[in-house]
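Okay, so here's the structure we're looking at.
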Amino acid sequence: MDKSESRKELKVSAIENGTVIDHIPNNNVFQVIRILNLHEVGNMVLFGTNLESSKMGKKGIIKISNKFFEAEEINKIALVAPSATLIVIKDFNVIEKKKVKAPDAVEKIVKCFNPNCISNHETVITKFEVIDKKEMKLKCHYCEKITTRETIVFL
Amino acid sequence: MKNKSLVSINDFSREEHIRILDLAEEFEKMPTQSILDKFVVATLFFEPSTRTRLSFESAATRLGAKVIGFSEPGSTSVQKGESLRDTIKTISNYSDIIVMRHPKEGSARFASEVSTVPIINAGDGANQHPTQTLLDMYSIRKTQGHLDNLNIAFVGDLKYGRTVHSLVIALSNYNTKFHLVSPEELKLPSSVKMHIKEKELAYHQYTELQDVIGKVDILYMTRIQKERFSDPMDYEKVKNSYTLKNSMLEKARTNLKILHPLPRVNEISVDVDENPKAYYFTQALNGVYVRQAILASILGVK
Chain A
142 MDKSESRKEL KVSAIENGTV IDHIPNNNVF QVIRILNLHE VGNMVLFGTN LESSKMGKKG
202 IIKISNKFFE AEEINKIALV APSATLIVIK DFNVIEKKKV KAPDAVEKIV KCFNPNCISN
262 HETVITKFEV IDKKEMKLKC HYCEKITTRE TIVFL
Chain B
9 MKNKSLVSIN DFSREEHIRI LDLAEEFEKM PTQSILDKFV VATLFFEPST RTRLSFESAA
69 TRLGAKVIGF SEPGSTSVQK GESLRDTIKT ISNYSDIIVM RHPKEGSARF ASEVSTVPII
129 NAGDGANQHP TQTLLDMYSI RKTQGHLDNL NIAFVGDLKY GRTVHSLVIA LSNYNTKFHL
189 VSPEELKLPS SVKMHIKEKE LAYHQYTELQ DVIGKVDILY MTRIQKERFS DPMDYEKVKN
249 SYTLKNSMLE KARTNLKILH PLPRVNEISV DVDENPKAYY FTQALNGVYV RQAILASILG
309 VK
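Chains A and B, in that order, give the protein sequences. Taking the numbering used here, the leading residue of the first sequence gets 142, the next gets one more, and so forth. Taking the numbering used here, the leading residue of the second sequence gets 9, the next gets one more, and so forth.
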């Protein structure tokens with residue numbers, strides 16, 4: 142293989158079957174990993190950060206071997222990767238490509254920003270309604286206050 | 009409304025709000041009846057509130073219900089570290105309905121999810137106080153004859169005033185024209201204005217109380233708290249600008265009524281009390297009838 146061809150090699154190796162999450166904002170790759178519990182699954186997980194992107198400048202990418210996600214599960218990442226692309230791979234081929242879609246509700250993974258919210262004082266699973274999908278504004282089911290993208294803290 | 013908790017004003021539909029107001033009118037004509045004599049009402053006030061608590065207790069007792077509860081957590085197992093979850097689960101076994109005031113936002117919603125009996129929110133932190141909103145609406149409807157197309161002024165602390173937020177949101181369903189009077193630092197938050205804008209209603213903002221008096225049907229006064237100002241000198245500058253004096257009411261419309269959720273400190277001068285436009289004490293009395301309507305509806309008796 143000559144040098145120019147090797148430069149075209151994928152920075153993150155191709156997977157045979159599984160899911161690719163592309164166009165993740167560079168600083169949020171680890172948050173996506175946490176949200177999807179990829180640090181705890183048994184599957185082979187490859188990821189890269191600070192990759193060059195013509196669209197985003199720098200981006201992150203995650204490839205999970207032999208794992209396919211329900212829309213409900215993967216759309217949670219819209220909180221931190223609103224323009225991510227989800228790609229389903231089979232036999233090294235792209236079977237499906239779609240954009241992540243912001244969910245209508247978020248449960249369990251986000252902390253309510255209001256320190257006086259009951260959810261920060263009692264054992265209860267946090268619940269939010271996504272009232273603005275573009276700006277990622279989350280309305281707490283309990284205290285009704287809004288946690289914004291800037292104030293999102295993951296549990 | 010039977011067995012449904014009332015945590016936020018929007019838990020009840022517009023039709024259900026009207027039903028409560030209509031029912032309250034009936035109770036105003038006959039507030040003492042024994043229709044709730046088979047029920048136990050628990051009033052759990054984790055934060056003191058004499059007026060709301062006594063209003064609920066009067067409402068329940070006049071309808072024959074037995075009332076149990078506490079008025080501040082100092083003497084209860086909460087002091088021993090019992091969770092709200094356990095407190096509510098236990099007390100829902102001792103009662104048929106729980107009226108609750110708690111300092112943390114979301115506490116009433118949480119309680120409604122762990123309780124086996126309905127919860128009436130009597131105030132959860134800075135969030136909701138739906139029974140106040142309903143009694144405010146009742147008072148407005150009673151004095152003006154209807155709720156639609158009114159000019160209503162809200163004066164004072166519009167930023168932190170929970171009763172203001174809730175009433176503005178409820179009144180957005182009635183084509184109200186809003187007149188908002190406050191110091192710059194205490195303007196109505198955009199999250200509340202959003203409701204006004206959604207319904208494409210008019211609102212005007214003022215810094216001078218005098219400017220609205222002649223324009224409105226209802227003057228809703230609120231207390232400005234010193235603690236809300238980061239600079240105490242800013243408070244000193246405004247503290248008297250939003251005080252209503254009797255002399256200011258010369259230009260008022262004949263049908264004007266002055267409302268205040270109480271307690272009043274100095275924002276309504278005592279010389280206003282004798283003016284027939286002063287309605288705030290009757291407003292508090294209306295609270296008993298409205299709370300009777302809410303209790304009777306949720307307990308399924310009316």
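Where is the CB? At the ideal position from N, CA and C, for every residue including glycine.
By the 10 Å Cβ neighbour count, where 16 or more other Cβ atoms means buried, how is M241(B) classified, buried or exposed? Here residue 241(B) corresponds to residue number 233 of the second sequence, with the count starting at 1. By the neighbour-count rule (16 or more Cβ atoms within 10 Å), M241(B) is not buried but exposed.
Take the Cβ of Q172(A) as the centre, count every other Cβ of all protein chains shown within 10 Å, and call the residue buried at 16 or more, exposed below. Here residue 172(A) refers to the residue found at position 31 of the first sequence. Burial call: buried.
Cβ neighbours of L209(B) in the same chain (closer than 8 angstroms, five flanking residues each side left out): As a first step, residue 209(B) must be located in the second sequence, where it is residue number 201. Taken in chain order, the residues that qualify are S180, N183, T184, K185, F186.
Taking only three categories from DSSP, how would you classify Y297(B)? Counting from one through the second sequence, the residue named residue 297(B) turns up at place 289. Helix at Y297(B).
Which runs of the beta strand (DSSP E) spanning at least 3 residues fall entirely within the segment 57 to 95 of chain B, listed in chain order? 74 to 78
Please report whether the beta-carbon of K286(A) lies at a distance below 8 angstroms from any beta-carbon of chain B. Residue numbering aside, residue 286(A) sits at position 145 when the first sequence is read from its first letter. Interface residue, yes.
Would the segment 45 to 65 of chain B and the segment 9 to 21 of chain B be scored as touching if the rule is three or more Cβ pairs under 8 angstroms? no
Selected residue, minimal CA-CA separation from Y228(B), among Q213(B), H203(B), P191(B), L267(B): Your numbering for residue 228(B) matches position 220 in the second sequence. Of Q213(B), H203(B), P191(B), L267(B), the residue nearest in Cα terms is L267(B).
Extract the residue ranges of the alpha helix (DSSP H) inside the segment 205 to 275 of chain B, only unbroken runs of 4 or more that lie entirely within it. 218 to 221, 240 to 246
Please list the terminal residues of the continuous beta strand (DSSP E) segment that includes L196(B). Taking the second sequence and counting its residues from 1, the one referred to as residue 196(B) is at position 188. Taken as a continuous stretch (DSSP letters only), L196(B) belongs to no beta strand (DSSP E), as it is neither H nor E.
Can you say whether A155(A) is buried or exposed, counting buried as having 16 or more other CB atoms within 10 angstroms of its CB? Stepping through the first sequence from its first residue, residue 155(A) is reached at position 14. Counting Cβ neighbours within 10 Å, A155(A) comes out exposed, since fewer than 16 surround it.
Would you say E263(A) lies against chain B (beta-carbon separation less than 8 angstroms)? As a position in the first sequence, residue 263(A) is number 122, starting the count at 1. Answer yes: the Cβ-Cβ gap between E263(A) and chain B drops below 8 angstroms somewhere.
The beta strand (DSSP E) that contains I165(A), what's its start and end? Looking up residue 165(A) in the first sequence gives position 24. Run containing I165(A): 159 to 166, per the beta strand (DSSP E) assignment.
Who are the neighbours of G133(B) on chain A, taking C-beta pairs under 8 angstroms? Within the second sequence, the letter at position 125 stands for residue 133(B). Chain A residues near G133(B): N257, C284.
State yes or no: is the beta carbon of R117(B) nearer than 8 angstroms to at least one beta carbon in chain A? Residue 117(B) sits at position 109 when you count from the first residue of the second sequence. It does: the Cβ of R117(B) has a partner Cβ on chain A nearer than 8 angstroms.
What does the alpha-carbon distance come out to for the pair V298(B) and T139(B)? The count along the second sequence starts at 1 and reaches residue 298(B) at position 290. The count along the second sequence starts at 1 and reaches residue 139(B) at position 131. Taking the straight line from one Cα to the other gives about 8 angstroms.
Taking Cβ-Cβ distances shorter than 8 angstroms, what residues in chain B pair up with S260(A)? Locating residue 260(A) in the first sequence gives position 119, where the first residue counts as 1. Going along chain B in sequence order, the residues near S260(A) (Cβ under 8 angstroms) are G114, F118.
Beta-carbon neighbours of S199(B), restricted to chain A and to distances below 8 angstroms: For the purposes of this step, residue 199(B) is identified with residue 191 of the second sequence, where counting begins at 1. Under the 8 angstroms cutoff, chain A gives I287.
Could you name the residues of chain A that R93(B) contacts, counting a contact when the two beta carbons are closer than 9 angstroms? As a working note, residue 93(B) is residue 85 in the second sequence. By Cβ distance, chain A contributes E263, T264, V265.
Of all Cβ atoms in chain A, is any one closer than 8 angstroms to the Cβ of S174(B)? Within the second sequence, residue 174(B) is the residue found at index 166, counting from 1. So no, S174(B) is outside the interface.
What residue range does the alpha helix (DSSP H) around K37(B) cover? Position 29 of the second sequence, counted from the start, is the residue given in the question as residue 37(B). 22 to 37 is the extent of the alpha helix (DSSP H) around K37(B).
Listing by chain order, which chain A residues have their CB less than 8 angstroms from the CB of S16(B)? Residue 16(B) sits at position 8 when you count from the first residue of the second sequence. The contacting residues are E285.
Based on the DSSP output, what are the partners of K46(B) in its beta bridges? Taking the first residue of the second sequence as position 1, residue 46(B) is located at position 38. Beta-bridge pairing links K46(B) to no other residue.
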